[in-house]
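Report on one structure; see the data block that follows.
Number of protein chains: 2
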Amino acid sequence: MAQKPSIPKGTRDFSPQEMAKRNYIFDTIKSVFLLYGFQPIETPAMENLSTLMGKYGEEGDKLLFKILNSGDYLKNAPDELLANKDYIHLITKLSEKGLRYDLTVPFARYVVQHRNDLQMPFKRYQIQPVWRADRPQRGRYREFYQCDADVVGSDSLFNEVELISIIDEVFKRFGINIVIKLNNRKVLTGIAEVIGAPEKIVDITVAIDKMDKIGLDNVNAELAEKGLSQQAIDTLRPLLTLSGTNQEKIATLEQLLATSQVGLKGIEEIKFVLDTASSLNLTAKLELDVSLARGLNYYTGTILEVKALDVEMGSICGGGRYDNLTGVFGMDGLSGVGFSFGADRIFDVLNTLNLYPAETSATTRVIFMNFGHNEAVASLRHMRSLRHAGISCELYPESTKMKKQMNYANSKGIPFVAMVGESEMQSNTIAIKNMGTGEQNNYTIEQAIELLK
Amino acid sequence: MAQKPSIPKGTRDFSPQEMAKRNYIFDTIKSVFLLYGFQPIETPAMENLSTLMGKYGEEGDKLLFKILNSGDYLKNAPDELLANKDYIHLITKLSEKGLRYDLTVPFARYVVQHRNDLQMPFKRYQIQPVWRADRPQRGRYREFYQCDADVVGSDSLFNEVELISIIDEVFKRFGINIVIKLNNRKVLTGIAEVIGAPEKIVDITVAIDKMDKIGLDNVNAELAEKGLSQQAIDTLRPLLTLSGTNQEKIATLEQLLATSQVGLKGIEEIKFVLDTASSLNLTAKLELDVSLARGLNYYTGTILEVKALDVEMGSICGGGRYDNLTGVFGMDGLSGVGFSFGADRIFDVLNTLNLYPAETSATTRVIFMNFGHNEAVASLRHMRSLRHAGISCELYPESTKMKKQMNYANSKGIPFVAMVGESEMQSNTIAIKNMGTGEQNNYTIEQAIELLK
Numbered sequence: 001m002a003q004k005p006s007i008p009k010g011t012r013d014f015s016p017q018e019m020a021k022r023n024y025i026f027d028t029i030k031s032v033f034l035l036y037g038f039q040p041i042e043t044p045a046m047e048n049l050s051t052l053m054g055k056y057g058e059e060g061d062k063l064l065f066k067i068l069n070s071g072d073y074l075k076n077a078p079d080e081l082l083a084n085k086d087y088i089h090l091i092t093k094l095s096e097k098g099l100r101y102d103l104t105v106p107f108a109r110y111v112v113q114h115r116n117d118l119q120m121p122f123k124r125y126q127i128q129p130v131w132r133a134d135r136p137q138r139g140r141y142r143e144f145y146q147c148d149a150d151v152v153g154s155d156s157l158f159n160e161v162e163l164i165s166i167i168d169e170v171f172k173r174f175g176i177n178i179v180i181k182l183n184n185r186k187v188l189t190g191i192a193e194v195i196g197a198p199e200k201i202v203d204i205t206v207a208i209d210k211m212d213k214i215g216l217d218n219v220n221a222e223l224a225e226k227g228l229s230q231q232a233i234d235t236l237r238p239l240l241t242l243s244g245t246n247q248e249k250i251a252t253l254e255q256l257l258a259t260s261q262v263g264l265k266g267i268e269e270i271k272f273v274l275d276t277a278s279s280l281n282l283t284a285k286l287e288l289d290v291s292l293a294r295g296l297n298y299y300t301g302t303i304l305e306v307k308a309l310d311v312e313m314g315s316i317c318g319g320g321r322y323d324n325l326t327g328v329f330g331m332d333g334l335s336g337v338g339f340s341f342g343a344d345r346i347f348d349v350l351n352t353l354n355l356y357p358a359e360t361s362a363t364t365r366v367i368f369m370n371f372g373h374n375e376a377v378a379s380l381r382h383m384r385s386l387r388h389a390g391i392s393c394e395l396y397p398e399s400t401k402m403k404k405q406m407n408y409a410n411s412k413g414i415p416f417v418a419m420v421g422e423s424e425m426q427s428n429t430i431a432i433k434n435m436g437t438g439e440q441n442n443y444t445i446e447q448a449i450e451l452l453k
Numbered sequence: 454m455a456q457k458p459s460i461p462k463g464t465r466d467f468s469p470q471e472m473a474k475r476n477y478i479f480d481t482i483k484s485v486f487l488l489y490g491f492q493p494i495e496t497p498a499m500e501n502l503s504t505l506m507g508k509y510g511e512e513g514d515k516l517l518f519k520i521l522n523s524g525d526y527l528k529n530a531p532d533e534l535l536a537n538k539d540y541i542h543l544i545t546k547l548s549e550k551g552l553r554y555d556l557t558v559p560f561a562r563y564v565v566q567h568r569n570d571l572q573m574p575f576k577r578y579q580i581q582p583v584w585r586a587d588r589p590q591r592g593r594y595r596e597f598y599q600c601d602a603d604v605v606g607s608d609s610l611f612n613e614v615e616l617i618s619i620i621d622e623v624f625k626r627f628g629i630n631i632v633i634k635l636n637n638r639k640v641l642t643g644i645a646e647v648i649g650a651p652e653k654i655v656d657i658t659v660a661i662d663k664m665d666k667i668g669l670d671n672v673n674a675e676l677a678e679k680g681l682s683q684q685a686i687d688t689l690r691p692l693l694t695l696s697g698t699n700q701e702k703i704a705t706l707e708q709l710l711a712t713s714q715v716g717l718k719g720i721e722e723i724k725f726v727l728d729t730a731s732s733l734n735l736t737a738k739l740e741l742d743v744s745l746a747r748g749l750n751y752y753t754g755t756i757l758e759v760k761a762l763d764v765e766m767g768s769i770c771g772g773g774r775y776d777n778l779t780g781v782f783g784m785d786g787l788s789g790v791g792f793s794f795g796a797d798r799i800f801d802v803l804n805t806l807n808l809y810p811a812e813t814s815a816t817t818r819v820i821f822m823n824f825g826h827n828e829a830v831a832s833l834r835h836m837r838s839l840r841h842a843g844i845s846c847e848l849y850p851e852s853t854k855m856k857k858q859m860n861y862a863n864s865k866g867i868p869f870v871a872m873v874g875e876s877e878m879q880s881n882t883i884a885i886k887n888m889g890t891g892e893q894n895n896y897t898i899e900q901a902i903e904l905l906k
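One line per chain: the protein sequences are Z and S, in this order.
When we follow our numbering, the leftmost residue of the first sequence carries the number 1, and every step to the right adds one.
When we follow our numbering, the leftmost residue of the second sequence carries the number 454, and every step to the right adds one.
Have a look at this one:
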């Protein structure tokens with residue numbers, strides 16, 4: 001039966017051209033991770049629902065893809081729930097497994113499960129797809145890759161400095177100019193302390209973030225609306241108008257947070273990271289940004305985020321320090337710091353700025369035209385030598401019209417066409433045409449290797 | 454709430470050590486695919502159930518992992534089916550998507566869906582995990598990787614020769630001695646023709662396959678039991694005792710199949726492939742094996758399978774030619790040939806024969822001990838130079854006891870330990886200890902790069 005084939009919404013096929021670009025991104029990131037002593041792990045696509053549920057909030061639980069149990073998946077389903085079509089309470093009766101939603105929870109599970117085999121500090125990277133039953137839209141997919149790196153089992157701030165160096169190196173290799181925005185959760189806690197409104201910390205960071213767009217008066221009005229006292233708003237003013245160099249911002253913060261022990265500790269951490277990183281002559285700009293609050297409840301120290309300078313785009317990388325990654329799996333007191341590259345957004349930035357290296361469209365280096373059986377066999381022998389020298393090549397499999405064969409070469413963007421006809425067989429040479437210049441000459445196999453290398 | 458974390462049965466975590474070995478396998482295979490002009494594609498983990506169902510037989514449908522629809526997945530479930538707990542007919546009401554079961558059906562779907570963008574012949578490779586709800590057992594997993602390469606849109610037998618060259622090259626790089634067993638579906642059809650029992654073709658190939666183990670008399674008894682006439686059994690005798698060189702086997706087959714047009718065509722194809730491949734001085738042994746019948750209903754021409762010679766193990770690679778890959782999706786007449794490497798079995802063979810190259814356990818090249826803040830910052834600057842030269846390195850993040858730091862270096866198998874203390878800072882040198890020989894000297898950064906490269 002003929003069907004019109006398609007794929008589930010929010011998912012993608014990747015063509016050879018797209019794969020070449022994606023591999024360029026992943027390979028670049030991987031090689032930098034390795035250079036910094038991070039090692040890869042992989043975890044299964046499916047995790048037990050007991051591992052995943054409750055880790056991403058109520059909304060996250062809904063966005064998990066659940067896998068129907070094998071065989072008679074209804075055998076544990078209570079009749080009453082079925083009769084009521086109570087799909088919410090039936091889920092865990094029908095399904096024990098789900099697709100991973102991110103790489104952080106599987107990593108926490110991995111660390112706890114393999115704790116006896118791991119040498120701390122454990123530095124791992126992980127590049128795998130994740131799945132979310134989100135409403136698909138431009139730039140948001142139901143299957144997408146995450147590229148995470150984390151160090152767990154060490155609370156040294158040198159780890160932060162190393163992560164910043166990795167970010168700097170990766171984007172330098174991509175040719176993307178970036179600013180790395182830095183904050184510290186302890187500073188945010190300190191701010192909440194000094195204005196006496198710890199529960200308003202989210203409103204405050206949201207307000208700070210809007211300063212550029214709506215201005216001081218509107219932000220203050222919004223804060224009053226959220227229930228902040230006039231005194232608290234006055235205290236916040238220097239924070240809202242925080243500007244200048246990182247040093248100037250730090251000086252203001254030190255005054256503002258002078259009475260908060262945790263706030264001062266946060267400033268000290270920021271200073272360490274900024275000072276140490278800046279002694280390394282990084283390419284990226286480092287900017288203290290007290291409005292940065294990603295995943296507020298999750299991070300406990302450094303918070304960082306990366307923006308591309310030359311293109312309008314959300315954050316392309318982000319992360320921070322957490323003090324209790326594995327507590328939910330019964331292993332307390334493990335501190336870690338990590339971050340994630342947004343591969344899909346980096347893909348878009350490289351496309352927008354046209355930054356892919358020319359050789360990224362990796363295709364066959366040379367194709368041999370097919371002039372018939374004996375010529376093809378002679379070509380295969382030459383191809384063996386070329387491949388031995390690391391030169392990728394292929395034979396057009398049919399001895400059809402030259403025009404058709406040439407069309408194939410063109411459409412694949414193959415830069416060289418090799419021809420072995422009767423005269424080449426006699427002289428044991430190969431005619432090679434440079435498809436860019438149109439130049440054509442006869443070469444011995446040694447010369448051909450030299451030319452094509 | 455503390456939970457004891459685990460992963461679903463039949464799935465695996467891969468540690469850095471296992472990842473290094475797996476990457477070695479995949480990278481080796483990939484680099485050979487590219488050398489032969491094959492390009493990568495990727496397809497989503499989830500396919501529509503309408504794409505997957507009915508493609509793997511009734512048993513296969515059961516082994517598909519189905520994904521519960523998002524939101525109210527019961528809203529389309531008829532009350533009657535629910536009341537009857539009719540889990541079989543309810544599946545398609547609760548689930549529209551499944552995890553891919555292999556890479557062949559998604560590839561066929563891809564070719565049909567993107568037919569207007571593809572230049573034929575289309576040569577693709579694909580290395581991705583697949584999922585099967587099989588009963589897990591030693592060596593059989595519910596999540597495992599397949600490594601497929603196919604050429605579609607060409608019926609030239611040169612494609613078969615190229616595939617055999619790829620197999621030869623891949624296993625040569627692995628250092629695994631192999632025999633490539635070859636057969637042709639047309640020969641099997643011819644055999645069924647000449648003995649006048651086309652419907653017995655499966656019984657016959659099973660019987661041929663048992664010759665080594667149970668001998669001619671028992672095989673003949675079995676064939677008689679299956680309903681073959683004495684005349685048919687007599688006609689088969691030369692086939693059952695087929696031995697000698699490929700040439701000798703072909704001579705016997707040519708006599709046996711003299712009256713079968715399709716059989717003779719199959720022999721001709723085998724001869725072409727064997728002759729052309731053997732003119733290329735391959736390392737692998739090529740063996741005509743008329744008992745080879747993998748996926749009988751699927752293949753229409755060449756059938757091939759690879760066995761490791763020095764270890765007891767099932768087939769580690771297999772494939773063949775099919776004439777109607779895409780017919781089920783409404784696109785007829787597309788011939789192709791392809792094969793699949795069994796990555797998990799290759800992993801086991803390399804382990805058993807201890808064939809992994811020494812550098813496979815890719816770890817950090819050098820670790821800098823941490824003697825305190827200033828020393829660590831000085832170390833970071835040296836590390837920047839080393840990384841610039843492509844040397845992977847890391848800093849032990851805490852300035853704890855040397856013993857603890859050295860233990861970490863040892864357990865990660867890091868071959869060099871670098872130390873920057875006060876005297877090294879003054880002389881702007883690095884003390885480097887070779888952990889293998891115990892030798893330790895002071896080096897300038899240039900000398901260190903030379904040493905560690």
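Where a beta carbon is used, it is the ideal one built from N, C-alpha and C, also for glycine.
Values in this document were obtained by computation on a predicted structure and should not be read as measured data.
Alpha carbon of S/Met454 to alpha carbon of S/Gly780, nearest angstrom = Because S/Met454 sits at a pLDDT of 44, beneath the cut-off of 50, its placement in the model cannot be relied upon, and the following sentence gives the value as read from the coordinates. S/Met454 and S/Gly780: Cα-Cα distance of roughly 53 Å.
Contact set for Z/Gly421: own chain, Cβ-Cβ below 8 Å, skip 5 residues either direction | Phe371, Glu375, Ala431
Z/Asp61 to Z/Met53, Cα distance in whole Å?
-> 6 Å
Would the beta-carbon of S/Leu547 fall within 8 Å of that of S/Ala530?
-> yes
Could you please tell me which residues of the stretch 293 to 312 of chain Z, in chain order, have their CB closer than 9 Å to any CB of chain S?
-> none
Buried or exposed: S/Pro651, going by 16 or more other Cβ atoms within 10 Å of its Cβ?
-> exposed
Only counting runs of 3 or more residues, tell me where the beta strand (DSSP E) segments fall wholly within the stretch 287 to 346 of chain Z, in order along the chain.
-> 302 to 308, 317 to 322, 336 to 341
Could you name the residues that DSSP lists as bridge partners for S/Ile520?
-> Z/Ile67, S/Lys550
Cβ of Z/Leu52 less than 8 Å from any chain S Cβ?
-> no
Under 9 Å from the C-beta of S/Ser864: neighbouring residues of chain Z | Gln119
Okay, do the stretch 173 to 189 of chain Z and the stretch 299 to 310 of chain Z touch, 3+ Cβ pairs below 8 Å being the bar?
-> yes
Taking the alpha-carbon positions, what's the Z/Met19 to S/Ile494 distance?
-> 6 Å
Between which two residues does the beta strand (DSSP E) harbouring Z/Leu182 extend?
-> 178 to 184
Is it true that the CB of Z/Asp168 sits closer than 8 Å to the CB of Z/Thr283?
-> yes
Do the CB positions of S/Gly551 and S/Phe518 come within less than 8 Å of each other?
-> yes
Evaluate Z/Lys401 with the Cβ neighbour count: other Cβ atoms within 10 Å of its Cβ, from every protein chain shown; 16 or more gives buried, anything less gives exposed.
-> exposed
DSSP three-state assignment for Z/Leu253, whether helix, strand or coil | helix
Neighbour flag for Z/Val262 against chain S, beta carbons, 8 Å = no
Any idea what DSSP makes of Z/Gln119, helix, strand or coil?
-> coil
Taking 8 Å as the cut-off, decide whether the C-beta atoms of Z/Ser156 and S/Glu847 are in contact.
-> no
Grab me the residues of Z/Asp13's own chain with a C-beta within less than 8 Å of its C-beta, minus the 5 sequence neighbours each way, in chain order.
-> Ile7
Between Z/Thr332 and the rest of its own chain, which residues show a CB-CB distance below 8 Å, the 5 nearest in sequence each way excluded?
-> First, the amino acid is wrong: residue 332 of chain Z is Asp here, not Thr. Excluding sequence neighbours, Z/Asp332 sits near Asn324, Thr326.
Quick one: is S/Gln900 near chain Z, going by C-beta distance under 8 Å?
-> no
Under a three-way DSSP split, which group does S/Tyr489 fall into?
-> coil
Find the residues of chain S that neighbour Z/Leu382, judging by a C-beta separation of less than 7 Å, and give them in chain order.
-> For the record, residue 382 of chain Z in the displayed sequence is His; it is not Leu. Here the premise fails: no neighbours, minimum Cβ distance about 11 Å.
Beta-carbon proximity check, Z/Ala192 vs Z/Ile201, cutoff 8 Å | yes
Which term fits S/Lys886, buried or exposed, when burial requires 16 or more other beta carbons within 10 angstroms of its beta carbon?
-> buried
Take Z/Thr457 as the anchor and find which of Z/Val290, Z/Ala133, Z/Ser70, Z/Pro121 has the nearest alpha-carbon.
-> Look at the range of chain Z in this structure, 1 to 453, and you will see that residue 457 of chain Z is not part of it.
For S/Lys483, the three-state DSSP class (helix, strand or coil) | helix
Beta carbon of S/Lys474, beta carbon of S/Tyr809: below 8 Å?
-> yes
Please state whether DSSP places S/Met859 in a helix, a strand or coil.
-> helix
Given that S/Ile494 touches chain Z, what residues does it touch there, using C-beta distances under 8 Å?
-> Asp13, Phe14, Ser15, Pro16, Met19
Residues in its own chain within less than 6 Å of Z/Asp203 by CB, not counting five upstream and five downstream?
-> Lys226
In chain order, what residues of the same chain have a beta carbon less than 6 Å from the beta carbon of Z/Leu253, not counting five sequence neighbours either side?
-> Ile267
Would DSSP call Z/Arg124 helix, strand or coil?
-> strand
Within-8 Å CB hit, Z/Thr364 to chain S = yes
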